[in-house]
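Chains as they are written, first to last, in the numbering used here: chain A, 1 to 435; chain B, 436 to 531.
The next block holds one structure in the form of structure tokens; read it before the comments.
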Amino acid sequence: MIEERFDAIVIGAGMAGNAAAHTMASRGLKVLQLERGEYPGSKNVQGAILYADMVEKIIPNFREEAPLERHLVEQRFWMMSDRSHTGLQYRNDDFNEERPNRYTIVRSQFDRWFSREVQAQGAIVICETTVMELVSDAYGKVIGVRTDRRGGTIFADVVVLCEGVNGLLGTRAGLRATPKPEHVALAVKEMHFLPSETIEARFNLHGDEGAVIEAAGVISKGMTGMGFVYTNKESISVGMGCLVSDFASNNDTPYGLLETFKNHPSIKPLLEGSEVKEYAAHLIPEGGYKTIPELFGDGWVVCGDAAQLNNAIHREGSNLALTSGRLAGEAIFQIKSRKEAMSKQNLALYKKLLDESFVMKDLKKYKDMPALLHANSQNYFLAYPQLVSKAMENFLRVDGTPKIEKEKATIAAFVKERRWSGLFGDAWKLARAWR
Amino acid sequence: MALAARVEEKLYQNRYIVDAGKPHIAIRPHEKPSENLLAMTRVCPAGCYSETSSGQVEIAPDGCLECGTCRVLCEASGDITWNYPRGGFGVLFKFG
């Protein structure tokens, strides 16, 4: 179907793929991007929060054109018990700035816009095409791809794998292993539509301001997981995710957990009267630094979720995808400019750029967190939230009990549940992994 | 269970182009399902997996959300084969 040869083939039109394709095409490289969905974004699922800095580095004036929902001025972290939440809430009017830092977006709309920008730079984007396999030469160098459309191999100097968390091409070619159940979370999400005035009144917002709730605690039934509520312009994204390994050994269904979360007395009033228009599910890489596979080889690089580049602690993924895609594009451009081969040795430049960026530095910082949270999920997600709720209730309810006795009861409850050694141990382990 | 019944209602909101007669996930014939394969009857977010009266696990992937959970749990053991649907087919997220 396509006779010509490309400088680069990009697999996938998500954040990483679009960043890579835009970076290379805007520097004059001949780029082909292949996407299996009907249109770019039709297979992509995210919460979704967009981090402006990482988009600006690719499209500086994106705010003028991109479909953005709300800029975030408020963040709520909620620790949930069955009927209560204990919250940490941060709101800052300085987030109402000329160039806001974070926005909510609707992925399929944003990705469509992003793809138009990629095409405007001269990249050829072909949708409704699933790439079936990578094609290698006799020496194992990747030289092209074969798709499910008629026609033979499409050749390129380098293949940029931005194929998402499932990354079938890379795993089938033996470039990396399938993620393990304890290293990916399954998240389910619904889009709840409400008039914008209703959303603004319920979340105390004005105009395009937005708010985020991130919730953890008994809602995940002792599994490593969390729930979220994001305000879009005329809709609210509500979701819930837990590690796949936890789901496999637990009796709950993902949609059952989502229903319980939506019906929590702290969440339910926010969604009252909404119309649900979509239900989605997606895997999120959660294994962190220790699960990052080989990132480059002869004739290929891998970016974004396919490379497990996700910061589970800060719930950041799209910015790591955008940055890794951009850096892969820059590395390939540099190698091409020097008229050198897309060999493993030369493509190591991509890893070098990634190591120097926040992507690898952040993931390295939290390298011990995923395993810690997984191993101690019963304590961190079930025991402590209940203890904290009880302590708050004890603190606030006025019933004639002397305060000294209330305090003793609260401390006794913590010690009974975890003993002093457990309490100090949990705090120490958390602090050390956070460092 | 009331909640389990509701997953069909959730899927009803979604847009799909089903590749009729070409399911992208297949289960290896078995007499007794493995633990992970049986778990899919609960864990699949689209409720595609179900247990037959004779104790085998079967799949109807029309409502598949292409998340890959079953692939992560059941592909390595050979319990299932998992492919992406043909280009253009499968779930098409309006919002994503």
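We put the CB at the ideal spot given by N, CA and C, even for glycine.
Check	Outcome
Near-chain B residues of the stretch 51 to 68 of chain A (beta-carbon distance less than 8 angstroms), N- to C-terminal order	none
One or two residues paired with A:Tyr103 in a DSSP bridge	A:Leu50 and A:His71
A:Arg107 and A:Val45 closer than 8 angstroms at C-beta	yes
Where B:Ala439 falls, given that 16 or more other Cβ within 10 Å makes a residue buried	Bear in mind that a pLDDT of 48 at B:Ala439, under 50, signals an unreliable position, so the model cannot answer this.
Close beta carbons around A:Tyr279, own chain, < 6 angstroms, minus the five adjacent residues each side	Glu190
Cβ pair A:Ser84, A:Ser389 closer than 8 angstroms	yes
B:Leu438 at chain A interface by Cβ criterion, 8 angstroms	Any reading at B:Leu438 needs caution, since the residue's pLDDT is 49, under 50, leaving its predicted position unreliable; the model's value is listed next. Cβ-Cβ to chain A under 8 angstroms: yes for B:Leu438.
Reduced DSSP category for A:Val454 - H, G, I as helix; E, B as strand; rest coil	Past the boundaries of the shown model lies residue 454 of chain A; chain A is included only from 1 to 435, so the question cannot be answered.
Alpha helix (DSSP H) segment containing A:Gln33, residue limits	First-last for A:Gln33: Val31 to Leu34, but that is the beta strand (DSSP E), not the alpha helix (DSSP H).
When A:Gly241, A:Ile213 and A:Glu294 are compared against A:Ser266, the one with the closest alpha-carbon	A:Ile213
Closest Cα partner of A:Gly47 within the set A:Ser318, A:Val165 and A:Glu393	A:Ser318
CB contact below 8 angstroms: B:Arg463 versus chain A	no
Close-in-space but distant-in-sequence residues of the same chain around A:Val118 (CB under 6 angstroms, 5 per side omitted)	Asn18, Ala21 and His22
Coarse secondary structure for A:Pro285, derived from DSSP in three states	strand
Proximal residues of chain B, C-beta to C-beta of A:Gly41 below 8 angstroms	Phe528 and Gly531
Own chain partners of B:Arg521 with C-beta closer than 6 angstroms, once the 5 adjacent residues on each side are dropped	Asp454
Among A:Asp93, A:Thr224 and A:Ile9, the one whose alpha carbon lies nearest that of A:Leu372	A:Thr224
Cutoff 8 angstroms; reference B:Met436; Cβ partners in own chain excluding five residues on either side	At B:Met436 the pLDDT is 43, less than 50, meaning the model places this residue with poor confidence; the figure from the coordinates comes in the next sentence. Around B:Met436: no qualifying Cβ.
Whether A:Phe62 touches A:Val31 by CB criterion (8 angstroms)	no
N-terminal and C-terminal residue of the alpha helix (DSSP H) that A:Ser421 is part of	Lys403 to Trp434
8 angstroms Cβ cut-off: residues of chain B touching A:Ser108	Phe528, Lys529, Phe530 and Gly531
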